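Letter by letter, the sequence shown follows residues 1 to 211 of UniProt numbering. Note that the Cβ used here is the ideal one computed from N, Cα and C, for glycine as well. This structure is a prediction, so every number in the text was calculated from the model and none was measured.
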Amino acid sequence: MQLVVVLAIAMICSSTCMNAVLGSFSEVDKQGNALSTVTRALSVEGRVFCHSCTQAGSIRSGNNAKPLQGAKVRLDCRTSKSHPHFRTRPIVVLARAATNARGFFRLRMPHFRFDLFDPLKQCSVLLVSSPSRKCSVPATTLARSGVPSLRATQSSRRTLETRLTVTVPLAFAPPSSSCRPPPPPVVGIRAEPFIKRPPPPPHVPAPAPSH
(Lines of atoms letter the chains of each structure in order from A; the text may use other names.)
(Lines give C-alpha, C1' and ligand atoms only; values in the text may rest on other atoms or scores of the structure.)
Protein backbone atom coordinates (compact mmCIF):
# COMPACT_ATOMS: atom_id res chain seq x y z
CA MET A 1 0.00 0.00 0.00
CA GLN A 2 2.80 2.40 0.87
CA LEU A 3 4.53 1.60 -2.42
CA VAL A 4 1.37 2.47 -4.38
CA VAL A 5 1.06 5.80 -2.55
CA VAL A 6 4.71 6.62 -3.22
CA LEU A 7 4.34 5.81 -6.92
CA ALA A 8 1.19 7.95 -7.16
CA ILE A 9 2.95 10.91 -5.54
CA ALA A 10 5.93 10.48 -7.85
CA MET A 11 3.66 10.46 -10.92
CA ILE A 12 1.88 13.64 -9.78
CA CYS A 13 5.20 15.38 -9.13
CA SER A 14 6.56 14.27 -12.50
CA SER A 15 3.50 15.65 -14.32
CA THR A 16 3.62 18.92 -12.38
CA CYS A 17 7.32 19.42 -13.01
CA MET A 18 6.90 18.68 -16.71
CA ASN A 19 4.09 21.23 -17.02
CA ALA A 20 6.22 23.81 -15.22
CA VAL A 21 9.04 23.30 -17.71
CA LEU A 22 6.91 23.23 -20.86
CA GLY A 23 4.49 25.96 -19.89
CA SER A 24 0.73 25.87 -19.50
CA PHE A 25 0.12 23.41 -22.36
CA SER A 26 -1.73 20.15 -21.77
CA GLU A 27 0.25 16.97 -22.32
CA VAL A 28 -2.66 15.17 -24.03
CA ASP A 29 -4.97 16.12 -26.85
CA LYS A 30 -8.76 15.82 -26.92
CA GLN A 31 -8.56 12.10 -27.68
CA GLY A 32 -6.20 11.51 -24.78
CA ASN A 33 -3.17 10.90 -26.99
CA ALA A 34 0.16 12.03 -25.60
CA LEU A 35 1.63 15.07 -27.31
CA SER A 36 5.26 15.39 -28.33
CA THR A 37 7.29 17.20 -25.70
CA VAL A 38 10.36 17.87 -27.81
CA THR A 39 11.41 21.44 -27.02
CA ARG A 40 14.14 23.78 -28.13
CA ALA A 41 15.29 27.19 -26.95
CA LEU A 42 14.02 30.12 -29.00
CA SER A 43 15.11 33.75 -28.84
CA VAL A 44 13.68 36.68 -30.78
CA GLU A 45 15.61 39.94 -31.08
CA GLY A 46 14.78 43.38 -32.41
CA ARG A 47 14.79 47.12 -31.76
CA VAL A 48 12.16 49.74 -31.00
CA PHE A 49 12.51 53.36 -32.15
CA CYS A 50 10.77 56.66 -31.59
CA HIS A 51 9.90 58.34 -34.87
CA SER A 52 9.65 62.05 -35.41
CA CYS A 53 6.49 63.75 -36.64
CA THR A 54 7.77 63.67 -40.21
CA GLN A 55 8.32 59.90 -40.00
CA ALA A 56 4.95 58.94 -38.52
CA GLY A 57 3.45 56.14 -40.60
CA SER A 58 6.75 55.32 -42.26
CA ILE A 59 8.07 51.76 -42.40
CA ARG A 60 11.68 52.90 -42.23
CA SER A 61 13.77 54.24 -39.39
CA GLY A 62 15.67 57.22 -40.71
CA ASN A 63 18.23 59.50 -39.14
CA ASN A 64 15.59 61.23 -37.01
CA ALA A 65 14.48 57.98 -35.36
CA LYS A 66 15.86 57.51 -31.87
CA PRO A 67 16.14 54.25 -29.88
CA LEU A 68 13.38 54.02 -27.29
CA GLN A 69 14.38 52.69 -23.88
CA GLY A 70 11.80 50.96 -21.70
CA ALA A 71 9.37 50.08 -24.49
CA LYS A 72 7.51 46.83 -23.81
CA VAL A 73 6.95 44.15 -26.44
CA ARG A 74 5.46 40.67 -26.46
CA LEU A 75 5.55 37.54 -28.59
CA ASP A 76 2.15 36.30 -29.75
CA CYS A 77 1.61 32.97 -31.47
CA ARG A 78 -1.57 31.81 -33.15
CA THR A 79 -2.57 28.29 -32.24
CA SER A 80 -3.17 25.67 -34.90
CA LYS A 81 -5.49 22.67 -34.93
CA SER A 82 -2.75 20.57 -33.36
CA HIS A 83 -2.86 22.72 -30.24
CA PRO A 84 -5.00 21.25 -27.42
CA HIS A 85 -6.59 24.67 -26.78
CA PHE A 86 -7.14 25.64 -30.42
CA ARG A 87 -10.75 26.83 -29.93
CA THR A 88 -10.48 28.40 -26.48
CA ARG A 89 -7.10 30.10 -26.91
CA PRO A 90 -6.63 31.23 -30.54
CA ILE A 91 -3.69 33.46 -29.55
CA VAL A 92 -1.13 32.66 -26.87
CA VAL A 93 1.29 35.20 -25.38
CA LEU A 94 4.53 33.33 -24.87
CA ALA A 95 7.01 36.00 -23.74
CA ARG A 96 7.38 39.65 -22.78
CA ALA A 97 10.41 41.94 -22.69
CA ALA A 98 11.50 45.58 -22.43
CA THR A 99 14.10 47.46 -24.46
CA ASN A 100 17.43 48.65 -23.13
CA ALA A 101 19.11 52.03 -23.59
CA ARG A 102 19.87 51.23 -27.25
CA GLY A 103 16.34 50.12 -28.01
CA PHE A 104 17.24 46.42 -28.17
CA PHE A 105 15.07 43.66 -26.77
CA ARG A 106 15.41 39.91 -26.53
CA LEU A 107 12.54 37.50 -26.00
CA ARG A 108 13.92 34.15 -24.87
CA MET A 109 12.00 30.94 -24.28
CA PRO A 110 14.21 28.08 -23.04
CA HIS A 111 11.58 25.45 -23.87
CA PHE A 112 9.65 26.49 -26.98
CA ARG A 113 7.10 23.99 -28.26
CA PHE A 114 8.01 23.67 -31.94
CA ASP A 115 5.54 20.78 -32.19
CA LEU A 116 2.70 23.23 -31.47
CA PHE A 117 3.94 26.43 -33.13
CA ASP A 118 5.83 27.37 -36.27
CA PRO A 119 7.35 30.71 -35.24
CA LEU A 120 7.97 31.84 -38.82
CA LYS A 121 4.31 31.35 -39.78
CA GLN A 122 2.34 31.70 -36.57
CA CYS A 123 4.24 34.15 -34.35
CA SER A 124 4.82 37.89 -34.34
CA VAL A 125 6.23 40.56 -32.03
CA LEU A 126 3.79 43.30 -31.04
CA LEU A 127 4.24 46.64 -29.34
CA VAL A 128 2.66 46.74 -25.88
CA SER A 129 3.43 50.17 -24.42
CA SER A 130 5.81 53.11 -24.57
CA PRO A 131 7.42 54.77 -21.55
CA SER A 132 6.98 58.22 -23.08
CA ARG A 133 3.68 60.01 -23.60
CA LYS A 134 5.36 62.16 -26.23
CA CYS A 135 6.04 59.04 -28.31
CA SER A 136 3.23 56.59 -27.59
CA VAL A 137 1.42 55.86 -30.86
CA PRO A 138 2.46 52.78 -32.92
CA ALA A 139 4.08 54.22 -36.02
CA THR A 140 3.00 51.47 -38.43
CA THR A 141 -0.09 49.29 -38.71
CA LEU A 142 2.10 46.22 -39.23
CA ALA A 143 3.52 46.67 -35.75
CA ARG A 144 0.12 45.98 -34.20
CA SER A 145 -1.58 43.76 -36.78
CA GLY A 146 -0.18 40.40 -35.69
CA VAL A 147 1.17 39.56 -39.16
CA PRO A 148 4.03 37.02 -38.95
CA SER A 149 7.16 39.16 -39.02
CA LEU A 150 10.11 36.95 -38.06
CA ARG A 151 13.01 35.46 -39.96
CA ALA A 152 15.63 32.96 -38.91
CA THR A 153 19.15 34.27 -38.38
CA GLN A 154 20.96 31.48 -36.56
CA SER A 155 20.40 27.96 -35.30
CA SER A 156 22.92 26.36 -32.97
CA ARG A 157 23.07 22.59 -32.68
CA ARG A 158 25.42 22.79 -29.72
CA THR A 159 23.13 24.91 -27.56
CA LEU A 160 19.90 23.76 -29.25
CA GLU A 161 18.79 27.35 -29.69
CA THR A 162 17.08 28.99 -32.64
CA ARG A 163 17.47 32.74 -33.07
CA LEU A 164 15.01 34.92 -34.96
CA THR A 165 14.93 38.63 -35.73
CA VAL A 166 12.01 40.97 -36.35
CA THR A 167 11.62 42.06 -39.97
CA VAL A 168 8.87 44.64 -39.40
CA PRO A 169 10.20 47.95 -38.01
CA LEU A 170 8.89 48.52 -34.51
CA ALA A 171 8.46 52.17 -33.61
CA PHE A 172 6.27 54.60 -31.75
CA ALA A 173 5.45 58.12 -32.94
CA PRO A 174 4.22 61.31 -31.25
CA PRO A 175 0.44 61.81 -30.92
CA SER A 176 -1.23 63.73 -33.73
CA SER A 177 -1.87 66.63 -31.37
CA SER A 178 1.89 67.05 -31.01
CA CYS A 179 2.45 67.00 -34.75
CA ARG A 180 0.30 69.93 -35.82
CA PRO A 181 1.51 71.56 -39.03
CA PRO A 182 2.81 75.13 -38.80
CA PRO A 183 0.20 77.85 -39.44
CA PRO A 184 0.00 79.04 -43.04
CA PRO A 185 1.56 82.40 -43.85
CA VAL A 186 -0.69 85.45 -43.70
CA VAL A 187 -1.81 86.42 -47.18
CA GLY A 188 -2.08 90.19 -47.76
CA ILE A 189 -0.75 93.09 -49.75
CA ARG A 190 2.89 92.64 -50.32
CA ALA A 191 4.80 95.75 -49.39
CA GLU A 192 7.38 96.95 -51.81
CA PRO A 193 10.90 96.68 -50.53
CA PHE A 194 12.29 99.96 -49.26
CA ILE A 195 14.89 101.39 -51.58
CA LYS A 196 16.98 104.25 -50.35
CA ARG A 197 17.20 106.80 -53.11
CA PRO A 198 20.01 109.33 -53.36
CA PRO A 199 19.12 112.86 -52.25
CA PRO A 200 18.32 115.41 -54.97
CA PRO A 201 21.17 117.66 -56.14
CA PRO A 202 21.47 120.99 -54.34
CA HIS A 203 19.62 123.94 -55.85
CA VAL A 204 21.97 126.26 -57.74
CA PRO A 205 20.49 129.72 -58.44
CA ALA A 206 20.60 130.90 -62.01
CA PRO A 207 23.21 133.61 -62.75
CA ALA A 208 21.94 137.20 -62.94
CA PRO A 209 21.70 138.69 -66.44
CA SER A 210 24.51 141.09 -67.32
CA HIS A 211 23.77 144.76 -68.43
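| query | result |
| --- | --- |
| Buried or exposed: where does S80 fall if 16 or more other Cβ atoms within 10 Å of its Cβ makes it buried? | exposed |
| On the CB-based measure, 16 or more other CB atoms within 10 Å of its CB, does V21 come out buried or exposed? | Because the pLDDT at V21 is just 30, under 50, the model does not fix this residue reliably, and the point stays unresolved. |
| Using the three-state DSSP reduction, which class does T153 fall into: helix, strand or coil? | strand |
| Taking the alpha carbon of S177 as the reference point, which residue from C53, V48 and F49 has its own alpha carbon closest? | C53 |
| Going by the beta-carbon positions, is the gap between V128 and V168 smaller than 9 Å? | no |
| I'd like the span of the beta strand (DSSP E) that includes K121, first residue to last. | Element bounds for K121: not the beta strand (DSSP E) but the alpha helix (DSSP H), P119 to Q122. |
| Helix, strand or coil for V39 per DSSP? | The sequence given here has Thr at residue 39, not Val. In the structure shown, T39 sits in coil (DSSP, three-state: anything other than H, G, I, E or B). |
| If you follow the beta strand (DSSP E) that H51 is part of, which residue opens it and which one closes it? | H51 -> no beta strand (DSSP E), and no H or E assigned at all. |
| Please identify the residue among S43, L42 and C135 whose C-alpha is closest to the C-alpha of C179. | C135 |
| If A95 and L120 are in contact, beta carbons under 8 Å, what's the gap, nearest whole angstrom? | Between L120 and A95 the Cβ distance is about 16 Å, and since that is not below 8 Å, they are no contact. |
| Just to check my reading of the structure: R108 and S43 have Cβ atoms closer than 8 Å, yes? What is that Cβ distance to the nearest angstrom? | 4 Å |
| With distance defined between alpha-carbon atoms, name the residue in P110, A206, P205 and A98 nearest to V48. | A98 |
| Just the C-alpha distance for L164 and L150, rounded to the nearest angstrom, thanks. | 6 Å |
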